[in-house]
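Report on the following structure.
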DNA sequence: GTTTTTGTACTGACCGGTCAGTCTAGATGT
DNA sequence: ACATCTAGACTGACCGGTCAGTACAAAAAC
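Residue numbers (our numbering), protein chains in the order written: chain A, 26 to 222; chain B, 26 to 222.
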């Protein structure tokens with residue numbers, strides 16, 4: 026499974042992911058060329074096509090990889106916590122993720138609400154998976170009475186997800202000098218107030 | 026001033042704006058071709074270049090036009106109102122604007138946090154103008170004691186702007202069946218809670 | 001000796017931008 | 001009143017460049 030060959034190949038794929046995510050976050054999918062990606066990854070163009078079927082497939086696998094990671098971190102963050110603490114943990118996990126993978130978060134923000142693109146379906150599905158983790162927490166909280174009974178689970182979950190994204194990325198792009206901890210505090214404060222029964 | 030010629034030309038420009046905003050909202054700037062825009066507007070490609078210097082300039086003028094309108098509506102909404110009511114009026118104005126110009130809002134959300142694009146500077150400037158109206162209101166509220174004294178004006182203003190955008194567009198894209206009044210109420214409720222002294 | 005990567009050259013479709021020429025409303029001349 | 005002229009608006013074929021994807025022989029890694 027992890028012999029030298031597959032390890033090396035996985036390495037190349039990883040470098041291509043990193044290069045692609047940075048470039049696409051800056052310029053968008055269409056404006057980013059395969060040559061750009063190969064050059065930034067320090068790899069020949071042929072290597073891109075040896076590892077990925079096409080530019081679109083590369084991007085789709087990138088989305089799967091990135092959001093899969095986020096979903097996993099969401100799951101780990103809420104494990105075993107009571108609803109209101111789990112909610113706070115989710116906010117922290119999201120911001121922490123965005124701080125570590127800022128380019129991916131930026132890319133996500135730019136492509137999330139787009140329609141009529143080949144990979145739109147994929148993104149929609151993945152978004153649903155990530156939000157489902159939030160939704161489970163909110164649902165449990167409403168059921169146990171820890172969260173307001175009139176909270177609409179679906180809306181609250183997607184709002185929480187989207188708001189975290191936009192506030193954090195806005196901060197990263199327009200006020201990069203401020204520490205992310207401030208955002209975290211501000212967001213936690215807001216969520217706490219809104220979650221008040 | 027409004028003879029047949031200029032009227033006709035203004036008409037063509039308007040049609041090009043409408044076509045461009047829809048296509049760019051769906052596919053993004055780079056993926057949208059000038060031929061697409063011309064076809065959808067029902068004019069020849071040459072007409073696009075007769076009316077606009079380049080694809081980029083067309084987009085920049087589109088941004089100016091769209092955000093200029095939003096800023097004007099913000100100004101009109103807050104005129105003469107005390108801080109807390111003005112804040113609510115701003116939320117209402119933003120959502121109302123997004124409902125009427127949904128494609129433009131979607132476009133804004135997708136292109137707002139992009140870096141390394143020619144028109145980035147323009148967009149940054151325009152965003153600043155719109156947010157400044159919010160900031161004036163928040164500043165007045167903090168000064169008069171109607172809003173919490175520890176509120177960071179710049180952060181609160183851009184957060185309010187971005188949150189309105191993301192929640193409304195998310196609603197438009199993923200839950201279009203839901204009436205806008207719900208979204209407005211939810212958002213107003215949140216803002217009211219956060220604005221509590 | 002098999003898998004992965006490289007480097008270079010190539011193709012064909014597509015796209016931003018140009019330009020010579022057409023169309024027409026309305027001003028001008030008679 | 002009619003014919004003529006003019007300039008602004010528009011057209012669409014065309015050009016030069018770009019880019020996704022292909023081909024493949026040779027090298028490197030394992």
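Positions of the beta carbon are idealized from the N, C-alpha and C atoms, including for glycine.
Within the segment 88-142 of chain A, ranges of the alpha helix (DSSP H) (whole runs, at least 4 residues): 108-125 and 127-136
Chain A within 8 Å of residue 175(B), Cβ atoms only: no
beta-carbon residue 209(B) near the ligand ATP non-hydrogen atom, thresh 7 Å: The ligand content of the structure shown is nil, which means the ligand ATP is not present either.
Contact list for the segment 52-72 of chain B against chain A, Cβ threshold 9 Å: 52, 53, 54, 55, 56 and 57
Residue 85(A), buried or exposed, once every other Cβ within 10 Å from all chains shown has been counted against 16: buried
Alpha carbon of residue 215(B) to alpha carbon of residue 215(A), nearest angstrom: 8 Å
Beta-carbon proximity list for residue 196(B), same chain, < 8 Å, skipping 5 on both sides: 203, 205 and 208
Chain B within 8 Å of residue 18(A), Cβ atoms only: A question about residue 18(A) goes unanswered here, because the residues of chain A that appear run from 26 up to 222.
Nearest-angstrom beta carbon gap, residue 188(B) and residue 188(A) [assumed within contact, 8 Å]: 6 Å
Chain-order list of residues whose beta-carbon lies under 6 Å from that of residue 123(A) (same chain, five-residue window excluded): 130 and 193
Straight-line Cα distance separating residue 33(B) from residue 40(A): 53 Å
Contact check, residue 160(B) vs residue 179(B), beta carbons under 8 Å: yes
Three-state class that DSSP yields for residue 36(B) in the structure shown: In the three-state reduction of the DSSP assignment, residue 36(B) falls in the helix class, which pools H, G and I.
Residues near residue 77(A) by beta carbon distance below 6 Å, same chain, minus five either side: 83
Residue 181(B), buried or exposed, once every other Cβ within 10 Å from all chains shown has been counted against 16: buried
Assigned secondary structure, residue 182(A) (DSSP; H/G/I helix, E/B strand, else coil): helix
Nearest neighbour of residue 149(B), chosen from 45(B), 92(B), 74(B) and 184(B) [CA to CA]: Ranking the options by Cα distance to residue 149(B), first place goes to 92(B).
Cross-chain neighbours of residue 135(B) in chain A, by beta carbon under 9 Å: 53, 134, 135, 136, 137, 138 and 139
Coil, strand or helix - residue 152(B) by DSSP: Here residue 152(B) sits in helix by DSSP.
Per-residue burial, residue 108(B) [other beta carbons within 10 Å of its own, 16 or more giving buried]: Counting C-beta atoms within 10 angstroms of its own C-beta, residue 108(B) has 16 or more neighbours from the protein chains shown and is therefore classed as buried.
Given 8 Å, three or more beta-carbon pairs between the segment 144-158 of chain A and the segment 51-68 of chain B: No: fewer than three Cβ pairs fall under 8 Å.
Per-residue contacts from residue 209(A) into chain B (C-beta, under 7 Å): Chain B residues near residue 209(A): none, gap ~13 Å exceeds 7 Å.
Contact set between the segment 179-211 of chain B and chain A, restricted to residues whose Cβ is under 9 Å from the partner: Taking 9 Å as the Cβ-Cβ cut-off against chain A, the residues of the segment 179-211 of chain B that qualify are 179, 180, 181, 183, 184, 186, 187, 188, 190, 191, 192, 194, 195, 196, 197, 198, 199, 200, 203, 207, 208 and 211.
Rounded straight-line distance, which links the Cα of residue 75(B) to that of residue 220(A): 55 Å
Residue 175(A) versus 70(B), 175(B), 210(B) and 73(B), residue with shortest Cα-Cα distance: 210(B)
Spatial distance of residue 62(B) from residue 70(A) (CA atoms): 32 Å
CA nearest to the CA of residue 94(A), picked from 119(A), 29(A) and 51(A): 119(A)
Where the segment 137-163 of chain B meets chain A: residues whose CB sits under 7 Å from a CB there: 138, 139, 140, 141 and 142
Straight-line Cα distance separating residue 50(B) from residue 140(A): So the two alpha carbons sit approximately 8 Å from each other.
C-alpha distance - residue 223(A) paired with residue 146(A), whole-angstrom precision: Summary: the structure shown does not reach residue 223(A), with chain A confined to residues 26 through 222, and so no result is reported for it.
Residue 183(A) beta carbon less than 8 Å from that of residue 99(B): No; because the gap between Cβ atoms is not below 8 Å, this pair is not in contact.
Inter-residue spacing [alpha-carbon to alpha-carbon] between residue 103(A) and residue 172(A): 16 Å
Cβ neighbours of residue 164(A) in the same chain (closer than 8 Å, five flanking residues each side left out): 178
Contact belief for residue 46(B) with residue 128(B) at Cβ below 8 Å, rounded distance in angstroms: With 8 Å as the limit, residue 46(B) and residue 128(B) qualify as a contact, their Cβ atoms being about 5 Å apart.
Close Cβ partners of residue 36(B) (< 8 Å) along its chain, the five nearest in sequence each way excluded: Only residues of its own chain outside the window of five on either side were considered, and among them none has a CB closer than 8 Å to the CB of residue 36(B).
Residue 114(B) beta carbon less than 8 Å from that of residue 106(B): Less than 8 Å divides the Cβ of residue 106(B) from the Cβ of residue 114(B).
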